[in-house]
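**Q** Would you mind keeping the following structure in view while I ask a few things?
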Ligand code: BG6
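In our numbering, the protein residues as written are 1 to 489.
Here you go:
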């Protein structure tokens, strides 16, 4: 669907997200000829800059992050779409300048993208309403973190909901915009092959890992009040779990998909203080080596609190109480300064019930399907096959589908796709208020216990797969994380 003319207002326009992701994504779409002639981007920030000064900052800070092919003419045209408005978003006084910059035309789409701390969401929405900009043709995009617990998430939903209707609110989780996540939907609901097997009778366990090599770097200010549970698990990992576990929606329409995801979130088995210690591991990195380079521990990062108890790693064993999934463990894991940079979903099938060959059943590697999100996007299906030759020996082999190789068409970054969806008014890949609250509700007992506990997160050496307790967590079920089960190279 072609875009119609729009004003995209970026609050936090001079910030990190705008420079690293949002403006480069909009340039890429401009280059792909998706932006109509009347597309404008109004960046709002606190710096007292003119538009020309702001464009200097864009040149220095956003341009280096452009991954699309750089074309000087298109870049220049793109920059001409940008206006800068200096404004203290928390005070109603400056909004007249924004009113003047935004076009007063009811036929235009108007999007307010709040790439700001969540504490500003309510104030900005109320200020927009007060100056008459929260019109029926307006949409608002909320960047994470969407609260820091259930109470604050409910407050955000109520505050933003007092100005905009649910159909106007786009809660972003950029993992849902990733190509491989869309492909998981295609794999599950565009083929008959897996769906009959996609259940407790045939699946032994599911592992979802988002491992990062990077540390917290200069983000300690934000990260230290957040931690891996709030930063990654409550949103990205739970959203991936929903896509893996949901029942087939009747259509790929916003509410049909979001209703099914909500059912998964509400079916997650609740933790009690007694079950928590067996099912949740939190860790924090200490100094170590990543890719052969010495890196400091989390507490020694610039600006970090030397006594910080914030977790940089979390692993959880979750269960979904439904007929389809009862008893199947879903292991969720994420961490900074890990041994590798990868995001993947591993669906492991059950072992064969009986071997007809001169090999014990134990020598058969159970089939597994790996959906790779990062660094390469692809699918791996692990099967047993006969080795060539006289004897009937079976060995595991990998059927590999590399999406980049198979489809040579240019890639679309998650933010490009999600920004296009916002501009088109397409809500399927955005979280609904009840989904957000259900996700917080499930993590709440973990947060509560961590707040009460005196004990610290378990240290792990940077450049490893996290604390040994994470291996013990999965080991109690007689299983291993995928990398532990792989043969030594
Ligand atoms: C963000 C987190 O939401 O996702 C970051 O705040 C994290 O801490 C990032 O690094 C990871 O996203 P991606 O797309 O690089 O895997």
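Ideal placement from N, C-alpha and C gives every residue a C-beta, glycine not left out. Being a predicted model, the structure only gives us computed values, none of them experimental.
Does the segment 170-182 come within contact of the segment 116-131, defined as at least 3 CB pairs closer than 8 Å?
**A** no
**Q** Nearest CA to the CA of residue 140: which residue from 270, 421, 220, 82?
**A** 421
**Q** How would you call residue 577, buried or exposed, if buried means at least 16 neighbouring beta carbons within 10 angstroms?
**A** Because the chain is modelled from 1 through 489, residue 577 falls outside the range shown and cannot be assessed.
**Q** Determine, using beta carbons only, whether residue 337 and residue 285 come nearer to each other than 7 Å.
**A** For residue 337 and residue 285, yes; Cβs fall inside 7 Å.
**Q** Is it buried or exposed, residue 69, if we count other Cβ atoms within 10 angstroms and call 16 or more buried?
**A** Answer is exposed; the Cβ neighbour count stays below 16.
**Q** Measuring only the C-alpha atoms, how far is residue 322 from residue 246?
**A** 10 Å
**Q** When every heavy atom of ligand 1 is checked, does at least one fall within less than 6 Å of the C-beta of residue 402?
**A** At a threshold of 6 Å, residue 402 does not count as near ligand 1, since its beta carbon sits no closer than that to any of the ligand's heavy atoms.
**Q** Any idea which residues DSSP pairs residue 384 with across the strands?
**A** 396
**Q** Please look up how many angstroms separate the CB atoms of residue 102 and residue 7, rounded, as I've assumed it's under 8 Å.
**A** That belief holds up - the Cβ atoms of residue 102 and residue 7 are roughly 5 Å apart, short of 8 Å.
**Q** Under the three-state reduction of DSSP, which class applies to residue 489: helix, strand or coil?
**A** With a pLDDT of 46 at residue 489, under the threshold of 50, the modelled position of this residue cannot be trusted; read the value that follows with caution. In the structure shown, the three-state DSSP call for residue 489 is coil.
**Q** For the 8 Å Cβ check, are there 3 or more pairs between the segment 357-371 and the segment 269-288?
**A** Counting Cβ pairs under 8 Å, fewer than three are found: no touch.
**Q** Whose C-beta lies closer than 8 Å to the C-beta of residue 480 among residues of the same chain, with five residues either side of it excluded?
**A** 471, 474
**Q** With a threshold of 7 Å on Cβ separation, who are the neighbours of residue 303 within its own chain once the five nearest residues in sequence on each side are excluded?
**A** For residue 303, where only same-chain residues beyond five positions count, the Cβ hits under 7 Å are 220, 221.
**Q** With a cut-off of 8 Å on the beta carbons, I'd call residue 373 and residue 343 a contact; round off their distance for me.
**A** 4 Å
**Q** Any contact of the segment 422-435 with the segment 392-400, i.e. 3+ C-beta pairs under 8 Å?
**A** no
**Q** Report the three-state DSSP secondary structure of residue 348 (helix, strand or coil).
**A** strand
**Q** If you drop the 5 nearest sequence neighbours on each side, which residues of the same chain put their C-beta closer than 7 Å to that of residue 214?
**A** 336
**Q** Only counting the same chain, and skipping five residues up and downstream in sequence, which positions put a Cβ closer than 8 Å to that of residue 48?
**A** If the five residues before and after residue 48 are omitted, its C-beta is found closer than 8 Å to the C-beta atoms of 86, all from its own chain and listed in chain order.
**Q** Using a Cβ-Cβ cutoff of less than 6 Å, which residues in the same chain neighbour residue 264 once the five nearest sequence positions on both sides are dropped?
**A** For residue 264, where only same-chain residues beyond five positions count, the Cβ hits under 6 Å are 242, 245, 246.
**Q** Could you check the C-alpha separation between residue 363 and residue 399 for me, to the nearest Å?
**A** 19 Å
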